[in-house]
Amino acid sequence: MKIRVVAPLLCGAALLSSTGCQTVNRCCSSLFAARATTFADTTPIPEKPEKAAKPSDDSTKEASFRRAEAIGTDEANAQNKAAEPPAVNRRFNIPEELPGADAAPLVLPPMDPTQSIEQRKSLADALFPNVEPAKVEPGPDADSAPLTLSTMQQMAVDNSPVIRQAAADVEQARGKAVQAGLYPNPTFGYEGDTIGTARTAGYNGVFFTQEFVTADKLTLAQNVALNNVRAAQADLRKARVRLASDVRRNYFKVLIAQEQLKFNRAIAKLSEEVYRAQIDLVTGGESAPYEPLQLRVFAVQARNSVTTASNSLDATWRQLVAAVGMPHMTRQKVAGSVDLPVPVVDYETMVTMLQRHSDLIASNARIASSGSNLRLQEAIPIPNVTLYAAFQHDDTTPLSDYSTNVQVSAPVPAFNRNQGNITSAHAELVRARQNLTETNNTLMSQLAENYNRYATSRTISESYRTDLLPDQVRVYRGVYDRFLIDGESIDFAQVVVAQQTLTQVVTSYLQSLSDSWMATVDLAELLQVDDLMTMDGMAMTPEAISLGVSAQNPEAVPPAIEGQSAGFEANSISATETRQVAVVSQDEEDAEDGDQSVESSDGSVERSAPLRSRRPRARMIGKADGDAVQ
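No gaps in the numbering here: position 81 of the sequence shown is 248 in the numbering used here, and each next residue is one more.
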């Protein structure tokens with residue numbers, strides 16, 4: 168009877184001891200995942216003894232007493248080896264091959280009611296180190312004036328060798344056009360015949376020779392060269408637009424990089440604050456020790472993102488100044504904001520604007536050039552007439568008389584009627600006409616692809632701005648506030664997911680802004696607009712956007728002018744600078760030379776009057792680009 172009474176008392180005393188209480192606490196924590204646990208105990212659970220076959224009551228109670236005593240002994244040994252990894256094989260162990268697998272287990276001393284808050288904080292600070300801020304290179308001076316897009320584009324014009332090369336090509340083509348229309352020079356000289364005959368001086372005098380070009384060959388040849396000038400002018404416009412697009416692209420990349428750095432700094436600050444707040448919860452015994460470490464991982468990742476964004480900003484600035492033509496320019500502020508809405512233009516208006524593309528102008532010019540060349544080759548078999556006249560003194564007779572000789576000659580196209588060149592010119596005309604169709608199809612295909620990216624990215628970025636970002640911010644605030652107020656009713660994983668989702672949404676929003684502006688710049692390059700923000704006045708007004716219709720008339724798009732000069736923005740290139748690169752619009756040429764060209768049905772250009780002022784125009788080049796051409 169005494170044994171039956173004493174055995175349960177001894178077993179209960181063993182369980183109520185300090186070691187036993189810790190064992191019970193650990194088991195309960197493992198089974199029910201209590202959030203109030205403030206220590207991480209990795210003591211292996213001893214193996215259970217095999218079941219005996221129907222033991223007696225006395226033997227069962229004695230075995231219970233011995234098992235409780237063994238548990239207390241094992242617990243004491245485990246406290247001395249708290250830092251050692253468990254010897255028992257468990258599931259989901261970290262493989263040794265992974266980096267960081269040799270990290271020591273997380274051990275936090277148990278709650279001691281006698282410790283002050285400051286003592287607990289000192290212990291937590293030693294266990295959870297601070298996240299050092301990212302080292303970012305100092306930015307530009309805050310007092311410096313920011314650079315605008317139009318300023319950088321003008322700098323690109325002033326420093327770009329590509330523009331000067333294209334301007335030199337225009338001048339080269341213009342010189343060839345002048346040369347092609349010049350009439351053959353006459354020949355004048357001395358002629359002596361039968362010198363020494365009968366011991367006399369013979370015939371002595373002067374002669375004159377002139378070739379008269381027939382069939383209007385000079386006008387046709389000059390038409391070929393003039394259309395090549397127009398094609399070169401179209402190439403110059405394309406070079407200007409390409410340079411403007413390069414500057415615009417890098418300009419918006421810098422703006423995106425600035426916003427990315429600003430957002431990453433904000434996310435890093437938020438992650439640091441949440442990490443410190445979670446440490447305070449652990450200090451008060453209201454959170455598990457591993458939770459702050461998970462948040463510290465996010466805080467360090469956010470710090471690395473700040474470093475990445477800072478280096479990306481430096482790289483994009485170097486790309487921008489390289490596009491401007493000043494690669495050694497020091498870092499300066501860039502004016503503008505990527506949050507501005509992109510210009511809105513409907514597809515049909517873009518199709519109309521595309522018809523003034525420089526590639527189409529160049530293709531039409533080459534068709535006209537090929538047509539004029541075909542007419543020229545057909546006119547070449549018509550012989551030119553050569554006149555020869557000589558006036559001489561006759562010393563062979565005592566009369567000392569004067570004589571005159573006249574010759575008129577022309578080649579006879581008996582064998583060579585220029586058949587091969589005519590065939591070649593006809594094939595060239597066919598090819599030029601087909602190239603126009605191919606160019607138009609290519610431009611329409613590019614417009615379809617660019618417009619798809621433009622419309623998609625614009626809609627997505629707007630949805631991020633109005634819906635996704637505000638909703639995700641509200642979600643994160645609600646989840647974390649609820650976690651602070653009632654941590655038992657919400658899992659810590661939801662806080663982690665909310666923070667990760669917020670970071671992902673902000674990053675995706677910046678990517679959508681980047682995609683939107685890059686697609687807008689690509690469209691502006693394809694449409695060759697001078698004013699990006701208004702799309703040359705064809706962008707929709709806010710009232711039209713709210714109504715869903717375009718406020719502009721597509722027929723209001725200015726028609727394409729062959730050879731017209733192109734600027735960047737409305738205020739980027741002045742008329743004086745345009746004349747300096749010797750790009751004169753076709754309207755100016757017609758005003759000076761009269762109405763001289765009429766396009767025929769086959770695409771050629773017929774000249775109705777001879778060209779009169781080409782020689783002075785060949786010397787019309789300003790000092791700045793004259794130096795560049797030399």
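Built from N, CA and C at the ideal position, the CB exists for glycine as well.
Per DSSP, the bridge partner or partners of residue i
{"i": "H560", "result": "N371 and Y569"}
{"i": "F419", "result": "Paired residues: none, contrary to the question."}
{"i": "D360", "result": "Y370"}
{"i": "Q445", "result": "Q445 is not bridged to any residue."}
{"i": "Y647", "result": "Looking at the DSSP assignment, Y647 forms no beta bridge with any residue, so it has no partner."}
{"i": "T354", "result": "T376"}
{"i": "S576", "result": "T553"}
{"i": "V501", "result": "L314"}
Helix, strand or coil at residue i [DSSP, three-state]
{"i": "I534", "result": "helix"}
{"i": "S114", "result": "One cannot answer for residue 114 here, as it falls past the ends of the chain, which runs 168 to 797."}
{"i": "L677", "result": "helix"}
{"i": "S311", "result": "coil"}
{"i": "S591", "result": "helix"}
{"i": "V298", "result": "coil"}
{"i": "T704", "result": "Checking the displayed sequence, the identity of residue 704 turns out to be Gly instead of Thr. Looking at G704 - three-state DSSP - the assignment turns out to be coil, as it is neither helix nor strand."}
{"i": "S630", "result": "helix"}
{"i": "T281", "result": "coil"}
{"i": "D688", "result": "Just to set this straight, residue 688 is Val in the shown sequence, not Asp. Note: V688 maps to helix in three-state DSSP."}
{"i": "A466", "result": "helix"}
{"i": "Q747", "result": "Legend: pLDDT at Q747 = 34, less than 50; position of this residue unreliable, value from coordinates given subsequently. Looking at Q747 - three-state DSSP - the assignment turns out to be helix."}
{"i": "I330", "result": "helix"}
{"i": "I832", "result": "Residue 832 falls outside the range modelled here, since the chain spans only 168 to 797, and no answer is possible."}
{"i": "L614", "result": "helix"}
{"i": "I547", "result": "coil"}
{"i": "L290", "result": "helix"}
{"i": "Q427", "result": "helix"}
Cα-Cα separation, residue i to residue j
{"i": "T516", "j": "M705", "result": "8 Å"}
{"i": "L527", "j": "T606", "result": "7 Å"}
{"i": "P548", "j": "A535", "result": "21 Å"}
{"i": "R416", "j": "L410", "result": "10 Å"}
{"i": "A502", "j": "S612", "result": "34 Å"}
{"i": "L349", "j": "Q400", "result": "22 Å"}
{"i": "S454", "j": "N431", "result": "27 Å"}
{"i": "V673", "j": "S628", "result": "11 Å"}
{"i": "L387", "j": "S539", "result": "6 Å"}
{"i": "L614", "j": "Q678", "result": "22 Å"}
{"i": "N602", "j": "G359", "result": "58 Å"}
{"i": "A333", "j": "A406", "result": "7 Å"}
{"i": "V663", "j": "A466", "result": "12 Å"}
{"i": "K384", "j": "R533", "result": "19 Å"}
{"i": "Q282", "j": "E426", "result": "46 Å"}
Residue i versus the options, residue with shortest Cα-Cα distance
{"i": "R600", "options": "D402, E458 and N531", "result": "N531"}
{"i": "T114", "options": "N352, R341 and G363", "result": "Only positions 168 to 797 of the chain appear in this structure, which leaves residue 114 out of reach."}
{"i": "Q468", "options": "V696, D689, L694 and T670", "result": "T670"}
{"i": "T315", "options": "P459, A466 and V421", "result": "V421"}
{"i": "V505", "options": "R523, R443, R632 and V391", "result": "R632"}
{"i": "T323", "options": "V512, N608, Q486 and I652", "result": "According to the sequence shown, residue 323 is Ala rather than Thr. The option with the nearest alpha carbon to A323 is Q486."}
{"i": "V511", "options": "A444, Y555 and T701", "result": "T701"}
{"i": "I434", "options": "A476, T361 and R498", "result": "A476"}
{"i": "A398", "options": "T609, V337 and D292", "result": "V337"}
{"i": "S327", "options": "V473, Q678, P266 and L403", "result": "L403"}
{"i": "V575", "options": "A556, E595, L294 and P313", "result": "A556"}
{"i": "V298", "options": "Y569, Y676, L437 and D697", "result": "L437"}
{"i": "T553", "options": "P578, S537 and E285", "result": "P578"}
{"i": "P580", "options": "N551, V491 and T604", "result": "N551"}
{"i": "G372", "options": "H560, I330, V329 and V464", "result": "H560"}
{"i": "D703", "options": "T519, R641 and D658", "result": "T519"}
Contacting residues, own chain, Cβ-Cβ under 6 Å from residue i (five flanking each side not counted)
{"i": "L120", "result": "Here the chain has residues from 168 to 797 only, and residue 120 is not among them."}
{"i": "P353", "result": "Q377"}
{"i": "T367", "result": "D562 and T563"}
{"i": "A109", "result": "The structure shown does not extend to residue 109, since the chain is modelled only from 168 through 797, so no value can be given for it."}
{"i": "V488", "result": "P494 and M496"}
{"i": "L198", "result": "With a pLDDT of 36 at L198, under the threshold of 50, the predicted position of this residue should be treated as unreliable, though the coordinate-derived value follows. Hits under 6 Å: none found."}
Cβ neighbours of residue i in the same chain (closer than 7 Å, five flanking residues each side left out)
{"i": "S681", "result": "I423"}
{"i": "P296", "result": "none"}
{"i": "E545", "result": "I589"}
{"i": "V642", "result": "A665"}
Chain-order list of residues whose beta-carbon lies under 8 Å from that of residue i (same chain, five-residue window excluded)
{"i": "R584", "result": "P548"}
{"i": "V449", "result": "T205, L275, A291, F295, A455, P456, E458 and P459"}
{"i": "A365", "result": "T563"}
{"i": "L610", "result": "L521, H524, D526, L527 and L693"}
Any non-hydrogen atom of the ligand HEM closer than 7 Å to residue i Cβ
{"i": "A291", "result": "This structure lacks the ligand HEM; in fact it carries no ligand of any kind."}
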